[in-house]
Amino acid sequence: MEQLVGMKGVRKSFLRTVANDGIDFSVGRSEVVSLLGENGAGKTTLMRILYGMYTLDDGEIRIGGKTVDIGSPKDSIALGIGMVHQHFTLVRTLTVLENVILGLPSPKGFRLDYASARTRIKEISAKYGLEIDTEAYIWQLSVGERQRVEILKALYRDVNVLILDEPTAVLTPQEAQGLFKTLRILRDEGKGVVFISHKLQEVMEISDRIVVLRNGKVSGQQMKSETTKEELARLMVGRDIVELPAELTGTPKEALLSVSSLGAENNQGIQALKGVSFSLHAGEILGVAGVAGNGQTELEQVLCGVRSATSGSVRYHGQELANASPKEIIDAGIGRIPEDRMEAGLVLDLPLMENLVIEFFDKAPFSRGILLNYRAIERAAEELMREYSIKAAGVHEATRTLSGGNLQKVILARVLSRNPEVIIASQPTRGLDVGAAEYIHNKLLEQRERGAGILLLSEDLNEVIALSDRIIALYEGRIMGIVPRSKFDLEEIGLMMAGSTTEDGNAPSEV
Amino acid sequence: MHLPKYKLEKRLPPPLWFQILTPVIAVVISLLISSIFLLAIKQDPLQAYLYMFRGAVGSKFAFLEMLVKATPLILTGVAVALAFTAKFWNIGAEGQLYAGAFAATWVGIMNLPLPAPLYILVVVLAGFAGGAIWALVPGYLKARYKVDDVVTTLLMNYIMIYIVGGILSGPWRNPKTMYPASVEIAQNADFPKLIAHSRVHFGLVLAVLAVIALYFIVRRTRLGFEIRATGTNAGAARFLGINTLKTIIYVAMISGGIAGIAGAGEVAGVQYHLIQSISPGYGYDGIVIAMLGRLNPAGVLLSAIYFAMIITGAQVMSRSLNVPPYIASVIQGVTLLVMLAMLLSFEYRIRRER
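So the sequences go chain by chain: S and L. To convert, note that position 32 of the first sequence is 416 in the numbering used here; the numbers rise steadily by one, no gaps. To convert, note that position 298 of the second sequence is 304 in the numbering used here; the numbers rise steadily by one, no gaps.
Okay, structure coming up:
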């Protein structure tokens, strides 16, 4: 097979960590190569080096047989390499067409040549199944559509190798299938595709060859046809993964939290929750499945007290919690694990010990009058750090220095230290490696066992299915259906997430 | 073609001795740079700095005068440092100082039938209240309506300075001299001298207390924790149950109040009446002092003293050598720039890429 890109002995370190430690990697013509690995394994770093965003410390890159020196993305695009980042790089206030041609010289010199650009974009989108309205503004598009624009942008620049960084993280199962179709056309056409992921299922579905990274090194390389999910998981984690329980034991009890006809607006002032009703019972995990942008975030924020409800109510032990302040909700005894751990769940520049008590610092023994009792804070923090095996140099360390998994453990330790009756957990394992995710899952199951009611909001459908007693599917701010564990079906839940209602055609009003 | 590329890269924090040494190095470098300006006006920099040094700390008298200058600078430095810790960008210490001076004068010229210690307390409280109220306006606007604090605090300075100017040339004009200055405040309201035959007054005690209070509030109290959380990430702090609105308002009032005490000190400790030029920009100097001291209490104290030394030293130098006194401002400005460059070099290093 003809090699399009070859990387040899690539080494890159940041400050204290070695992100890539002598990696060999290649992509051939007509090949989809998956880069599989836990978070922090070095997948994105390696591809950013190829795309010219980072310069390598050591090693060699060959493109089309020649050693190249890539100094910037501009160089790598000229060499036929394109990358679709996890966080899109589109200008929201420009149209699809404008975004695609942005930064390219116009054949007409000073004047922009919209007409021929439009024709070419239409050709490309027809060929690769990337339907899009070229005149739509980016802000009008869904996340899946934005991703298509990113891919179009790369193809418009005639790339030979397309890199996609965790492309399915924001897609419904159906949209992911659409993406895979496009990738297959690209492959059949002779292009090389690099697919970065930590989802075994998808990797097995789309790849020809799989390169597994662990701790900055290649831990294994397999043709898809010659490997199994189990083997890949072992290569990725370095040990066997414990499967989550197929059956949950114990039965849910009385209702704790009753949400009825809840409405809320998103940041743009558009109604994002349109009358959501459900109740959360003691001893159950209630999963909320939904694609990004369908009201999950707003639901979490209303329940956590950082977004106002425009209608409806949230009752907890006779107390109204809709439009209560975060402080009132914390003091009522609700545990909150927010979606945004870096910007909401933690104050990263404060020391670890302060983050471990920040929701309760005004309570005894952490406060005495107007003073803080740092000795008590330190003692409690050290205990939590041990109990939750949080890896940090010490409780005085700035929280920012901790890894993603450990940051989530800090939040978990803080929230669970108060034995909350209700836990709102939003995307609790997003971006975490398999080991850390497993730890979080076990902790949540432990809490369920203890009798807590847990609302689990997650875009990872597999996670929701593995953990929940019941699943609610949210679509455009409405509940499309509620499915009990006995009737879980990936396909059907996926369809509800994409807007179809339950079999009887009616979205239940009260759950 | 590849041009050599330079890049700023984060690096590990330097050792403590280096951090302590940095201001010293910054001072040396800024004096070297300032030499260029002195040479440009045909002065021998060494001689000039010698006069400056003598003028600042060369004699007991010089040293005590320096302390008089340092008093308001420490207070405004503390005021700004506290505000900046909460990311309340208080550029308004100057106006708050005037508001404090105004309020202190008001109670001072009432000739209240109070014994000295009590009257002094009232003057201090009035100064605090004046500054606090003046800072409350931008504080509330920021907390409640997200109005840009840099703009409001800055503009509030002009309002207060002109209010004082208007009152001094109107209702408060001294009827005997007809100067645009208030009458003298009651003698019982005068700050006592700390050292006989000098101008060092009780305000210095308040300034040192303010430094201690800055440490104590930020590091030991619940409010301090709320301030640090709000200052480093207001969104997260709000999510985690901290009332950031209240925190910002408290910070604004305490910060403004401390700047107001600086004003009260200038009235009751130095001038004994209110004049239009009660502050030659102490409030603005406070911003530089707070930054130079890295918002750290001891750092603020030291940089305020350094500023006071330059100001008094430069006055002596300009008198002795016939050099324009503006040179002091030049040295202050150069010091800040050099210091900021040094701080950047703390966190980053420059690397040349292949």
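All C-beta atoms in this analysis are idealised placements derived from N, C-alpha and C, irrespective of residue type, glycine included.
### Message
Tell me the rounded alpha-carbon separation between VAL468/S and ILE316/L.
### Response
VAL468/S and ILE316/L have their alpha carbons spaced roughly 56 Å apart.
### Message
I'd like to know if SER751/S contacts chain L, where contact means its C-beta is closer than 8 Å to some C-beta of that chain.
### Response
Contact of SER751/S with chain L is assigned, a C-beta pair being separated by under 8 Å.
#### Entry: According to DSSP, residues forming a beta bridge with ILE863/S
DSSP lists LEU858/S as the beta-bridge partner residues of ILE863/S.
### Message
Taking a contact to mean a Cβ-Cβ separation below 8 Å, would you say LEU327/L touches ILE80/L in this structure?
### Response
With a cutoff of 8 Å on beta-carbon distance, LEU327/L and ILE80/L are scored as not near each other.
### Task
Name, please, each residue of chain L whose Cβ falls closer than 8 Å to the Cβ of PHE745/S.
Ordered by position in chain L, the residues that pass the 8 Å Cβ test against PHE745/S are ARG228, PHE231.
### Ranges of the alpha helix (DSSP H) found wholly within the stretch 772-860 of chain S, counting only runs of at least 4
Fully enclosed alpha helix (DSSP H) runs of 4 or longer: 788-800, 818-834, 845-851.
### Boundaries (first-last residue) of the alpha helix (DSSP H) holding SER261/L
That run of the alpha helix (DSSP H) goes 250-271.
#### Entry: Straight-line gap, MET7/L to TYR540/S (C-alpha atoms, nearest Å)
Because MET7/L sits at a pLDDT of 44, beneath the cut-off of 50, its placement in the model cannot be relied upon, and the following sentence gives the value as read from the coordinates. Roughly 25 Å between the two C-alpha positions.
### Query
Which residue comes first and which comes last in the alpha helix (DSSP H) that contains ARG60/L?
Per DSSP, the unbroken alpha helix (DSSP H) holding ARG60/L starts and ends at 51-63.
### Query
In terms of alpha-carbon separation, which member of SER852/S, LEU816/S, SER842/S, VAL818/S lies closest to ARG832/S?
Closest by alpha carbon: SER852/S.
### Task
Determine the chain S residues that contact GLY247/L at a beta-carbon separation under 7 Å, and present them in chain order.
Within chain S, the residues near GLY247/L are PRO710, LYS711, ILE714, GLU743.
### Task
Would you mind stating whether GLY61/L and THR227/L have Cβ atoms separated by less than 8 Å?
Not a contact, by the Cβ cut-off of 8 Å.
### Message
Classify ASP291/L: buried if its beta carbon has 16 or more other beta carbons within 10 angstroms, exposed otherwise.
### Response
Buried, since its Cβ has 16 or more Cβ neighbours within 10 Å.
### Message
Can you confirm whether the stretch 575-594 of chain S touches the stretch 438-453 of chain S when touching is taken to mean that 3 or more C-beta pairs between the two stretches lie within less than 8 Å?
### Response
Between the stretch 438-453 of chain S and the stretch 575-594 of chain S there are fewer than three C-beta pairs closer than 8 Å, too few to call the two in contact.
### Query
Expressed to the nearest angstrom, what Euclidean distance is found between the alpha-carbon atoms of VAL895/S and LEU841/S?
The pLDDT assigned to VAL895/S is 45, lower than 50, so where the model puts this residue is not dependable; a value taken from the coordinates is nonetheless given after this. If you draw a straight line from the Cα of VAL895/S to the Cα of LEU841/S, it is about 16 Å long.
#### Entry: the stretch 231-245 of chain L in contact with the stretch 70-78 of chain L per 3-pair CB rule at 8 Å
Flag = no, the stretch 231-245 of chain L and the stretch 70-78 of chain L do not touch.
### Query
Can you name the start and end residues of the alpha helix (DSSP H) that ASN404/S belongs to?
Note, ASN404/S: premise wrong, no alpha helix (DSSP H); beta strand (DSSP E) at 401-412.
### Task
Compare the C-beta of VAL675/S with all C-beta atoms of chain L and state if any pair is closer than 8 Å.
No, because no Cβ of chain L sits closer than 8 Å to the Cβ of VAL675/S.
### Task
Put THR77/L into one of helix, strand or coil per three-state DSSP.
Helix.
### Query
Who are the neighbours of PRO722/S on chain L, taking C-beta pairs under 8 Å?
Neighbours of PRO722/S on chain L, chain order: PHE245.
### Message
Which same chain residues end up closer than 6 Å to ILE293/L when comparing Cβ atoms and leaving out the 5 residues on each side of it in sequence?
### Response
Cβ within range, chain order: VAL86.
### Query
Using the rule of at least 16 other Cβ atoms within 10 Å of the residue's Cβ for burial, across every protein chain shown, is THR503/S buried or exposed?
Residue environment: THR503/S is assigned as exposed (fewer than 16 neighbouring CB atoms within 10 Å of its CB, all protein chains considered).
### Query
Shorter than 8 Å from the beta carbon of GLU529/S to some beta carbon of chain L?
Not one chain L Cβ lies under 8 Å of GLU529/S.
### Message
Taking the straight line between their C-alpha atoms, what separation do you get for ASN163/L and GLU100/L?
### Response
Rounded to whole angstroms, ASN163/L to GLU100/L spans 6 Å at the Cα level.
### Query
For VAL480/S, which option in ILE516/S, GLY679/S, SER500/S has the closest C-alpha, if you only look at C-alpha atoms?
Considering only alpha carbons, the answer is ILE516/S.
### Query
List, in order along the chain, the chain L residues whose C-beta lies closer than 7 Å to that of ALA728/S?
Within 7 Å of the CB of ALA728/S, the CB atoms of chain L belong to GLY241, ALA242, PHE245, in sequence order along the chain.
### Query
MET467/S bridges to which residues according to DSSP?
Residue pairing of MET467/S in beta bridges, as defined by DSSP: ILE547/S.
### Message
Measuring only the C-alpha atoms, how far is LYS182/L from SER188/L?
### Response
Their Cα atoms are separated by approximately 10 Å.
### Query
How would you call ALA110/L, buried or exposed, if buried means at least 16 neighbouring beta carbons within 10 angstroms?
Here ALA110/L is buried. Its C-beta has 16 or more other C-beta atoms within 10 Å.
### Task
Count the other C-beta atoms from every protein chain shown that fall within 10 angstroms of the C-beta of ARG244/L, then say buried if there are 16 or more, exposed otherwise.
When all chains shown are included, ARG244/L counts as buried.
### Per DSSP, cross-strand counterpart(s) of VAL452/S
Answer by DSSP bridge pairing, in chain order: ILE445/S.
### Task
Would you identify the three-state DSSP class for MET162/L, choosing helix, strand or coil?
In the structure shown, MET162/L sits in a helix (DSSP, three-state: H, G or I).
### Query
Using CA coordinates, which residue listed in LEU858/S, VAL596/S, ALA836/S, GLU682/S is at the minimum distance from MET620/S?
Residue VAL596/S is the option with its Cα nearest to MET620/S.
### Task
Step through the CB atoms of chain S and report whether any lies within less than 8 Å of the CB of ALA235/L.
Taking Cβ atoms only, chain S reaches closer than 8 Å to ALA235/L, which makes this a yes.
### Task
Please report how far the alpha carbon of SER601/S lies from the alpha carbon of THR401/S, in whole angstroms.
Going by the sequence as given, residue 601/S is Lys instead of Ser. The alpha-carbon of LYS601/S is positioned some 13 Å away from that of THR401/S.
### Query
In chain L, which residues lie with their C-beta within 8 Å of the C-beta of ILE754/S?
Neighbours of ILE754/S across chain L, judged by C-beta separation under 8 Å: THR227, ARG228, LEU229.
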